[in-house]
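Be aware that the sequence shown starts at 24, since it is given in the numbering used here, and climbs by one per residue.
A virtual CB, placed ideally from N, CA and C, is assigned to each residue, including glycine.
Quick caveat: nothing in here was measured; it's all calculated off a predicted structure.
For reference, the structure discussed in these notes is given below.
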Amino acid sequence: MTPKPGTRSARSNKVKFAATSAVAILTTAALVPAVAAPALAADSPYDINESVTSWATAAARLGTAGSLWEPTNTAGLRRTSKVEVISNNLVVTKGAVTSGDTYAGATYGRAAKGFQLSEKWADTGFAAEPASSTSLAKVAKVKINLGEPGTQVTVTAQVYANCFKQPANSNPKAIPAGFRCKKSDVLATGGVLEVTAKPASTMTDPGETSIVIDSSGLTYNQLVAVASSLLQVAPDPNAAAGSAQMRAVCKQMVTEKMTFATADKLAQANGYTARLASVDGQPQALTMDFRYDRMNLSTVKNYVTECTYG
């Protein structure tokens, strides 16, 4: 039930952190997470790879351009891992995700009885691919209601089981068209449920979320019940500064050599505020308060060269 990390570069990542009064500095050389340190070094200072203690923190670390969902029914199993959060090469344009990879996932229970919950923003790829099997075949499609009562949305989930017997001493065979596993195979061989979660309305945006639940030791009904209990997570604002989305916005400002006026519009489109921290090497007078949604920009010859947060 462990996700397979995507290919990651072996080069080291030099991270620097500076603080001036109450303002946390985030330079083009490095971006430092506001919360738990990453489990592994990220590929670049604009990516994240962190282990956090809650789904609310995970949602904040990715940003507001997408959603994460947490089950309220876990089949009596407690979460036995932190929530892993990963982003790779994320591009956010005018508040919408246009490319890149995201991942948030956690383990509930143990190998004999438990499940791995893996999620990504639907308009991105998986930054860590959920485990797959050549024995995985369809069981059934099932409609489930997601969200709080009164604001629920009906979506269709696909359930699979690892029931197709592959030859032991030769290459795996393609699963024949029309082959189906039984519902009882979910418990006997392990099951997988895939669903795209959708907010109930534009008032509960942002975005759709691709969700994979990989189970062992759960019945078909238990697996469906876990999926049916998913609720959209409210991000923890205290963990939002330096999120994957903010890092992507910073990267665009610097690499596209934006003027302050252009960068300010991009910041606003993503729900951030921007101010000048430095002009041609001269620090500007700044208030000492800290805001998780604020970006402090440094310019040289009117082009943004550094972006910080706080």
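I think Ala-267 touches Leu-85, with their Cβ atoms under 8 Å apart; what is that distance to the nearest whole Å?
Position 244 of the sequence shown, counting from 1, holds the residue named residue 267. Position 62 of the sequence shown, counting from 1, holds the residue named residue 85. Right, the Cβ-Cβ distance comes to about 5 Å (below 8 Å), so this counts as a contact.
According to DSSP, what are the bridge partners of Cys-330?
In the sequence shown, the residue the question calls residue 330 occupies position 307. Partner(s): Leu-320.
Check each candidate in Lys-136, Leu-320, Gly-132 and name the one with the smallest Cα separation from Thr-212.
The residue labelled residue 212 in the question sits at position 189 within the sequence shown. Looking at the Cα atoms, Lys-136 is the closest of the given residues.
Got a sec, what are the start and stop residues for the alpha helix (DSSP H) Tyr-126 sits in?
Position 103 of the sequence shown holds residue 126. First-last for Tyr-126: 119-132, but that is the beta strand (DSSP E), not the alpha helix (DSSP H).
What's the call for Asp-312, buried or exposed, on a 16-neighbour Cβ count within 10 Å?
By one-based count along the sequence shown, residue 312 stands at place 289. Exposed is the call here.
Do the stretch 65-84 and the stretch 247-259 meet, that is, are 3 or more Cβ pairs less than 8 Å apart?
The stretch 65-84 is in contact with the stretch 247-259.
Can you look up Val-115 in the DSSP assignment and give me helix, strand or coil?
Residue 115 sits at position 92 when you count from the first residue of the sequence shown. If DSSP states are grouped into helix, strand and coil, Val-115 belongs with the strands.
Buried or exposed: where does Lys-143 fall if 16 or more other Cβ atoms within 10 Å of its Cβ makes it buried?
Locating residue 143 in the sequence shown gives position 120, where the first residue counts as 1. It is buried - the Cβ of Lys-143 has at least 16 other Cβ atoms within 10 Å.
Could you name the residues that DSSP lists as bridge partners for Asn-72?
As a first step, residue 72 must be located in the sequence shown, where it is residue number 49. DSSP lists Ile-109 as partners of Asn-72.
According to DSSP, is Arg-270 helix, strand or coil?
As a working mapping, residue 270 is identified with position 247 in the sequence shown. Arg-270: helix per DSSP, three-state reduction.
Applying the criterion that 16 or more other CB atoms from any shown protein chain within 10 Å of the CB defines a buried residue, is Thr-331 buried or exposed?
Taking the first residue of the sequence shown as position 1, residue 331 is located at position 308. Buried, because 16 or more other Cβ atoms sit within 10 Å of the Cβ of Thr-331.
Can you list, in chain order, the residues of its chain whose CB lies under 6 Å from that of Val-235, leaving out five sequence neighbours each side?
Translated into positions along the sequence shown, residue 235 becomes position 212. Only Ser-141, Pro-153, Glu-217 meet the Cβ criterion.
Ala-197: buried (16+ other C-beta within 10 angstroms of its C-beta) or exposed?
Within the sequence shown, the letter at position 174 stands for residue 197. With fewer than 16 Cβ atoms within 10 Å of its Cβ, Ala-197 is classed as exposed.
Can you find the residues in the same chain that come closer than 6 Å, C-beta to C-beta, to Tyr-131, ignoring five residues on each side of it along the sequence?
By one-based count along the sequence shown, residue 131 stands at place 108. Hits under 6 Å: Thr-97, Leu-100, Arg-102, Gly-137, Phe-138.
Using DSSP bridges, identify the partner residues of Pro-306.
As a working note, residue 306 is residue 283 in the sequence shown. Pro-306 pairs with Ser-301.
May I ask you to report which of helix, strand or coil DSSP gives Arg-314?
Numbered from 1 along the sequence shown, position 291 holds the residue referred to as residue 314. Coil, per DSSP.
How many angstroms separate the CA atom of Pro-346 from the CA atom of Lys-166?
Beyond the ends of the chain as shown, which are 24 and 333, falls residue 346; an answer cannot be given.
What three-state label does DSSP hand Thr-179 in the structure shown?
Here the question's residue 179 lines up with position 156 in the sequence shown. Residue state, collapsed to three classes: strand.
Tell me, which residues are paired with Trp-345 by DSSP?
One cannot answer for residue 345 here, as it falls past the ends of the chain, which runs 24 to 333.
So, with DSSP's three-state summary, where would you put Gln-275?
On the sequence shown, position 252 is the one that residue 275 refers to. Helix at Gln-275.
Given a threshold of 16 other Cβ atoms within 10 Å of its Cβ, counted over all protein chains shown, does Pro-222 qualify as buried or as exposed?
The count along the sequence shown starts at 1 and reaches residue 222 at position 199. Buried: at least 16 other Cβ atoms inside 10 Å.
Please look up how many angstroms separate the CB atoms of Leu-169 and Val-176, rounded, as I've assumed it's under 8 Å.
Locating residue 169 in the sequence shown gives position 146, counting from the first residue. Locating residue 176 in the sequence shown gives position 153, counting from the first residue. Right, their Cβ atoms sit about 6 Å apart.
One question on the structure: do Lys-188 and Ser-155 come within less than 8 Å of each other, judged by their Cβ atoms?
To locate residue 188, count along the sequence shown from 1; it is residue 165. To locate residue 155, count along the sequence shown from 1; it is residue 132. Contact: no.
Nearest CA to the CA of Gln-305: which residue from Arg-317, Ser-238, Ser-321, Gly-128?
Looking up residue 305 in the sequence shown gives position 282. Nearest of Arg-317, Ser-238, Ser-321, Gly-128 to Gln-305, Cα basis: Ser-321.
Can you check which of these residues, Ala-297, Gly-128, Arg-298, is closest to Arg-150 by C-alpha distance?
One-based indexing of the sequence shown puts residue 150 at position 127. The amino acid at residue 150 is misidentified as Arg; the sequence shows Ala. The residue with the shortest Cα to Cα distance from Ala-150 is Gly-128.
Where Asp-146 and Val-120 are concerned, what is the direct C-alpha to C-alpha distance, given to the nearest angstrom?
For the purposes of this step, residue 146 is taken as residue 123 along the sequence shown, with counting starting at 1. For the purposes of this step, residue 120 is taken as residue 97 along the sequence shown, with counting starting at 1. One C-alpha to the other measures close to 6 Å.
Looking at C-alpha atoms only, which residue of Gly-294, Arg-298, Gln-255 is the closest neighbour of Ser-90?
For the purposes of this step, residue 90 is identified with residue 67 of the sequence shown, where counting begins at 1. Of the candidates Gly-294, Arg-298, Gln-255, the one whose C-alpha sits nearest the C-alpha of Ser-90 is Gln-255.
Output yes or no for whether 8 Å exceeds the beta carbon distance between Pro-94 and Ser-239.
Translated into positions along the sequence shown, residue 94 becomes position 71. Translated into positions along the sequence shown, residue 239 becomes position 216. Going by C-beta atoms, Pro-94 is not nearer than 8 Å to Ser-239.
Which partner residues of Arg-102 appear in the DSSP bridge assignment?
The count along the sequence shown starts at 1 and reaches residue 102 at position 79. In DSSP, Arg-102 forms a bridge with Tyr-131.
For Ser-67 and Ser-233, what's the separation of their Cα atoms in angstroms?
The residue given as residue 67 occupies position 44 in the sequence shown. The residue given as residue 233 occupies position 210 in the sequence shown. Each residue's Cα considered, the two are about 25 Å apart.
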